[in-house]
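Visitor:
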Amino acid sequence: MDWPSLKGALGRRLQHFGAATSGNVAIIFAVTLPILLGFAALAAEYGHGLVVQGRNQRIADMAAYSGALVYSATSSQAAMLAAGQRVAKVNGLNPASITMRLGPSPRSSSSQAVEARVDVQQPLYLAPILGVPATLGIVTTAYAQVGGASAACILALDGAKSGVTLSGGTSVTASNCAVSSNNTITVPCGTKITAKAVSYNSAAAPSQPCSGITASAITKVATADPFAGNAGVASANARIATVAAMTGPAGPGVPTVPAGTSIEFGWDQATTKSRATTIGCTASFASNTWTLTCPNGGTYNFGTLTLGGGINLNFNTTGSATTTYNFSGSITTSATVAFGPGKYNVVGNITTNGTTSFGAGTYKLGGSLIAGGGATTTFGAGTFEIAKGIVTGGGTTTSFGAGSFWIGANTTTCNGTGLFSICNTSTLTIPGPSVFKLAAGVSNTGGSTLYLGKDSTQNSFQIGAANTGDALSLGGGSKTYLSDALGTGNVFQLAGHLSAPSGGGSCLVISAAPQHDIKGNFNVAGAVIMGAGVYTIDGYYALGANGGGGSPCNGYTISVQAIGVTIVISGKATPGSGSCLNQAFCVAAGYSNITLTAPDSGDTAKFAVIGPISAANTKGATFAEGGTNGKISGVFYFPNGAISMTGGAGVSGGTSCLQLIGSSVTLAGGTTLASECAMGATGGGGKVTLVQ
0 MDWPSLKGAL GRRLQHFGAA TSGNVAIIFA VTLPILLGFA ALAAEYGHGL VVQGRNQRIA
60 DMAAYSGALV YSATSSQAAM LAAGQRVAKV NGLNPASITM RLGPSPRSSS SQAVEARVDV
120 QQPLYLAPIL GVPATLGIVT TAYAQVGGAS AACILALDGA KSGVTLSGGT SVTASNCAVS
180 SNNTITVPCG TKITAKAVSY NSAAAPSQPC SGITASAITK VATADPFAGN AGVASANARI
240 ATVAAMTGPA GPGVPTVPAG TSIEFGWDQA TTKSRATTIG CTASFASNTW TLTCPNGGTY
300 NFGTLTLGGG INLNFNTTGS ATTTYNFSGS ITTSATVAFG PGKYNVVGNI TTNGTTSFGA
360 GTYKLGGSLI AGGGATTTFG AGTFEIAKGI VTGGGTTTSF GAGSFWIGAN TTTCNGTGLF
420 SICNTSTLTI PGPSVFKLAA GVSNTGGSTL YLGKDSTQNS FQIGAANTGD ALSLGGGSKT
480 YLSDALGTGN VFQLAGHLSA PSGGGSCLVI SAAPQHDIKG NFNVAGAVIM GAGVYTIDGY
540 YALGANGGGG SPCNGYTISV QAIGVTIVIS GKATPGSGSC LNQAFCVAAG YSNITLTAPD
600 SGDTAKFAVI GPISAANTKG ATFAEGGTNG KISGVFYFPN GAISMTGGAG VSGGTSCLQL
660 IGSSVTLAGG TTLASECAMG ATGGGGKVTL VQ
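The numbers in numbering that gives the first Met the number 0 rise by one with no breaks, and the one at position 269 of the sequence shown is 268.
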């Protein structure tokens, strides 16, 4: 240190003092001691604060986990809070120091988590020497994820659409699962939603001016499509391309036979006997009945066969199945006629009147089989190739034995509609097991009854379209029974529309089959029993688009009964008018009490309806005009199409689970929607995990 030069004794003393260093340490120590003590106290008290923070973090962890367990079991936020406060009290904290909140999980915004927050003020005793506040705030937080957000059984996926919208006295009940929207939720006065949880993802909270939402939690969170990338959905959607490319079978050709001798079994006995001899057979006559006998195993060539008025005929009824009968013309019967077994090749038609029976065998017709008005016609079991269709007249009863049926198109319209392979205007029965290859579809006109494959589960159906585009055309009041198509190699294929569009009162029973391929629309106005299996429809599915509704069917009055069924819809076409306008799926016009239950196994297990999957196809689904008390068990999935309910319609899962997913969900006009799904939570089925 440099002191100024001083003279005299005082100067010398001051210089001596300034040069001395023995007391400096003591002075410095005295000056800095309070500061050192303050820092030491600060370190000690802040260190204790870290100890308290660690303890409180463990308490927060336990509280979050305990609260999550309780909420998972009870869905009660009050019980969740009480559980957290008990944990705080047991660990020596004031219960008021802990808060519990249900919200999005920090791990996944689509999941729910219980947040426990412990907030205490730790007193500081020595640190204030340095001017530090007298208390230290210690906050600890923990999150326990509740398996995921409550799984949505009613979900509006598209954030750009209207979300979930109610109006006009409607209600939604989902007591055990969530109602979710990726946009807004609108619940005006007079409407209500009752759900385990409600979630939305709009900027504004759900609109509920009269507090119409009852839920344990209302959360702002995005909800992912739970079936995006689902293998079963992808497989079902891929099948549509296969169905779209499907074609019906071609019709059989005309048999080639030599020219034969025409014969009339009439009152001119000499001529008839002479013609029979020319053919190689013998004929005898007694009591207005002709009997034709031909040696077994031969081939006999006829031209045209006719009968005189009031004449009966026994045509080689004791012959063998190896005998061949060629007809270069046609066969026309009347009165009572019986044909024996054998191989029949007929270039023209077989037209029956009166009572006609044919034995078992092989029948190849280049023309049509025509059952005339009032006729009773029976065929034994066999193989049937009929190039120009089957026509049954009014009041007829026609039946066949089981066999193989390959049938082409008629050349005259069926009741003025179209050219079908089978035109039934009365009663036609074909038992099974049988194989049906019908080039031009089936028309079962109003009031008629048709059985195909009766009393067997081992049938196969390949049915093409008539010139109308219909593979099955059903009139009002008709009854159509297609027996099951199970077993190896059997199929159910319609290369055209299934159409019963008007009149109502009809009954349609469709085969059970692993796969039902329908290249066209499914449009009916009467009762339908859909056999178990997957229905791939390359078009739309409409019930009552033009009126109709339930009717007696199989001993019960029903509208639609489909157990173990998945309906897959392309939406390639939609109805052009009425309440089903532009909808890929529609239930309307009095179709009450429909029952649709998804299968429990297979690629589409738990899926009841799968709508168009392509984002480019936004065709939707509607329940309208008194379609009440519908019960759908399974997933109703329209990821790109709107789902609407109007006009007092009602849909629920019954005692099972309905999961309704659309781009938007709209209820109006006194409709009701209910789901009793006990679905737990997404991403873990109720599992509780400490995540932060």
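From the three backbone atoms N, C-alpha and C, an ideal C-beta is built for every residue, glycine too.
From C552 to S510, what distance separates their C-alpha atoms?
Guide: For this step, residue 552 is matched to residue 553 along the sequence shown. For this step, residue 510 is matched to residue 511 along the sequence shown. Cα to Cα, C552 sits roughly 14 Å from S510.
Visitor: Can you tell me which of the three DSSP states A680 falls into?
Guide: Position 681 of the sequence shown holds residue 680. Unreliable placement is indicated for A680, whose pLDDT of 49 sits below 50; the coordinate value is still reported in the next sentence. If DSSP states are grouped into helix, strand and coil, A680 belongs with the strands.
Visitor: Taking the straight line between their C-alpha atoms, what separation do you get for A204 and A159?
Guide: Numbered from 1 along the sequence shown, position 205 holds the residue referred to as residue 204. Numbered from 1 along the sequence shown, position 160 holds the residue referred to as residue 159. If I take the Cα positions, the gap works out to 16 Å.
Visitor: Does the beta-carbon of H47 have 16 or more other beta-carbons within 10 angstroms, so that it is buried, or is it exposed?
Guide: Start at 1 with the first residue of the sequence shown, and residue 47 comes out as number 48. Burial call: exposed.
Visitor: In the DSSP assignment, find the beta strand (DSSP E) that holds N236 and state where it starts and stops.
Guide: Within the sequence shown, residue 236 is the residue found at index 237, counting from 1. Here N236 belongs to no beta strand (DSSP E); instead the alpha helix (DSSP H) covers A230 to A243.
Visitor: Is A202 buried or exposed, if buried means 16 or more other CB atoms sit within 10 Å of its CB?
Guide: One-based indexing of the sequence shown puts residue 202 at position 203. Exposed, because fewer than 16 other Cβ atoms sit within 10 Å of the Cβ of A202.
Visitor: Give me whichever residues DSSP pairs with A194 in a beta bridge.
Guide: Position 195 of the sequence shown, counted from the first residue, corresponds to residue 194. Beta-bridge pairing links A194 to A173.
Visitor: From which residue to which residue does the beta strand (DSSP E) around T276 run?
Guide: The sequence position of residue 276 within the sequence shown is 277, counting from 1. Counting along the chain, T276 falls outside any beta strand (DSSP E), though it belongs to the alpha helix (DSSP H) covering Q268 to I278.
Visitor: Following the continuous alpha helix (DSSP H) through L80, name the residue where it begins and the one where it ends.
Guide: The count along the sequence shown starts at 1 and reaches residue 80 at position 81. Unbroken alpha helix (DSSP H) run through L80: Q76 to V89.
Visitor: Let me check understanding here. Comparing Cα to Cα, which of G468, A494, T276 and P340 lies closest to G244?
Guide: Translated into the one-based positions of the sequence shown, residue 244 becomes position 245. Sequence check: residue 244 is Ala here, not Gly. The candidate whose alpha carbon is nearest that of A244 is A494.
Visitor: Just verifying my parser: in three-state terms, what is the DSSP assignment at C552?
Guide: Here the question's residue 552 lines up with position 553 in the sequence shown. C552 falls in the strand class under three-state DSSP.
Visitor: Measure from the alpha carbon of A673 to the alpha carbon of each residue in C176, V564 and S65, then state which is nearest.
Guide: As a position in the sequence shown, residue 673 is number 674, starting the count at 1. Nearest of C176, V564 and S65 to A673, Cα basis: C176.
Visitor: In terms of alpha-carbon separation, which member of N466, N520, V434 and S477 lies closest to D483?
Guide: Looking up residue 483 in the sequence shown gives position 484. When only C-alpha atoms are compared, the closest one is V434.
Visitor: What residue range is occupied by the uninterrupted beta strand (DSSP E) comprising D224?
Guide: Taking the sequence shown and counting its residues from 1, one reaches residue 224 at position 225. Where D224 is concerned, there is no enclosing beta strand (DSSP E), given that its DSSP letter is neither H nor E.
Visitor: Contact between the stretch 369 to 387 and the stretch 344 to 351 is defined here as three or more beta-carbon pairs at a separation below 8 Å; is this criterion met?
Guide: These segments touch.
Visitor: Thinking C-alpha only, which one of P105, S459 and D60 is nearest T98?
Guide: Along the sequence shown, one-based indexing puts residue 98 at 99. Nearest option by C-alpha distance: D60.
Visitor: So who's on the other strand from D516, going by DSSP bridges?
Guide: Mapped onto the sequence shown, residue 516 falls at position 517. Paired residue(s): Q492 and T535.
Visitor: Taking Cβ to Cβ, would you say F383 is nearer than 7 Å to F357?
Guide: As a working note, residue 383 is residue 384 in the sequence shown. As a working note, residue 357 is residue 358 in the sequence shown. No, the pair does not count as a contact, with Cβ atoms beyond the cut-off.
Visitor: Could you tell me which residues DSSP pairs with L304 in its beta bridges?
Guide: Reading the sequence shown from its first residue, position 305 is the one you call residue 304. DSSP output for L304 lists I262 and I330 as bridge partner(s).
Visitor: Could you give the distance in angstroms between the alpha-carbon of A680 and the alpha-carbon of H515?
Guide: Locating residue 680 in the sequence shown gives position 681, counting from the first residue. Locating residue 515 in the sequence shown gives position 516, counting from the first residue. Caution applies to A680, whose pLDDT of 49 falls short of 50 and renders its modelled position unreliable; the value that the coordinates give is listed next. Rounded to the nearest angstrom, the two C-alpha atoms are 34 Å apart.
Visitor: What three-state label does DSSP hand I609 in the structure shown?
Guide: Mapped onto the sequence shown, residue 609 falls at position 610. Strand.
Visitor: Alpha carbons only, please: which of F419, V567 and G228 is nearest the one belonging to T467?
Guide: Working through the sequence shown from its first residue, we reach residue 467 at position 468. With distances taken between Cα atoms, T467 lies closest to F419.
Visitor: What does DSSP give as the partner residue(s) for G649 in the beta ladder?
Guide: Taking the first residue of the sequence shown as 1, we reach residue 649 at position 650. DSSP output for G649 lists T671 as bridge partner(s).
Visitor: Kindly list the residues whose CB is nearer than 7 Å to the CB of I631, restricted to its own chain and excluding five residues on each side of it in sequence; keep chain order.
Guide: Walking along the sequence shown from the start, residue 631 turns up at place 632. L595, A607, V650, G652 and L657.
Visitor: Measuring only the C-alpha atoms, how far is T172 from A465?
Guide: Within the sequence shown, numbered from 1, the residue matching residue 172 stands at position 173. Within the sequence shown, numbered from 1, the residue matching residue 465 stands at position 466. Each residue's alpha carbon lies about 46 Å from the other.
Visitor: Between the Cα of Y343 and those of G328, S333, A334 and T335, spot the shortest distance and give me the residue it belongs to.
Guide: For the purposes of this step, residue 343 is taken as residue 344 along the sequence shown, with counting starting at 1. Closest by alpha carbon: G328.
Visitor: Taking only the alpha-carbon atoms, compute the straight-line gap between H496 and C152 and give it to the nearest angstrom.
Guide: Numbered from 1 along the sequence shown, position 497 holds the residue referred to as residue 496. Numbered from 1 along the sequence shown, position 153 holds the residue referred to as residue 152. Between H496 and C152, the C-alpha separation is close to 33 Å.
Visitor: Taking the C-alpha atoms as reference points, what is the distance between G393 and G475?
Guide: Numbered from its first residue, the sequence shown carries residue 393 at position 394. Numbered from its first residue, the sequence shown carries residue 475 at position 476. Straight-line Cα distance between these residues: approximately 16 Å.
Visitor: Quick check on T55: does DSSP put it in helix, strand or coil?
Guide: As a working mapping, residue 55 is identified with position 56 in the sequence shown. Note that residue 55 is Asn in the sequence shown here, rather than Thr. N55: helix per DSSP, three-state reduction.
Visitor: Please determine, among I310, G259 and V232, the residue with the shortest C-alpha to C-alpha distance to W266.
Guide: Counting from one through the sequence shown, the residue named residue 266 turns up at place 267. Comparing Cα-Cα distances from W266 to each of I310, G259 and V232, the minimum goes to I310.
Visitor: Should the stretch 574 to 585 be called in touch with the stretch 555 to 565, which here means at least 3 C-beta pairs below 8 Å?
Guide: As far as the Cβ criterion goes, the stretch 574 to 585 does not touch the stretch 555 to 565, which means the pair count is below three.
Visitor: Since G371 is in the beta strand (DSSP E), which residue starts that stretch and which ends it?
Guide: Locating residue 371 in the sequence shown gives position 372, where the first residue counts as 1. It is not in any beta strand (DSSP E) - G371 carries neither H nor E in the DSSP assignment.
Visitor: When the Cα atoms are used, what is the spatial distance from G7 to L123?
Guide: If you number the sequence shown from 1, residue 7 lands on position 8. If you number the sequence shown from 1, residue 123 lands on position 124. Because the pLDDT at G7 is just 48, under 50, the model does not fix this residue reliably, and the point stays unresolved.
Visitor: Answer yes or no: do A370 and T397 have a C-beta to C-beta separation smaller than 7 Å?
Guide: As a first step, residue 370 is located in the sequence shown; it is residue number 371 there, counting from the start. As a first step, residue 397 is located in the sequence shown; it is residue number 398 there, counting from the start. Yes. Within cutoff.
Visitor: Cutting at 6 Å between CB atoms, please list the residues of its own chain near T323, excluding the five before and the five after it.
Guide: Stepping through the sequence shown from its first residue, residue 323 is reached at position 324. Once the five neighbours on either side are set aside, the close Cβ partners of T323 are T298 and K342.
Visitor: Would you call the CB atoms of G669 and I642 closer than 7 Å?
Guide: Along the sequence shown, one-based indexing puts residue 669 at 670. Along the sequence shown, one-based indexing puts residue 642 at 643. Not in contact: G669 and I642 (Cβ atoms no closer than 7 Å).
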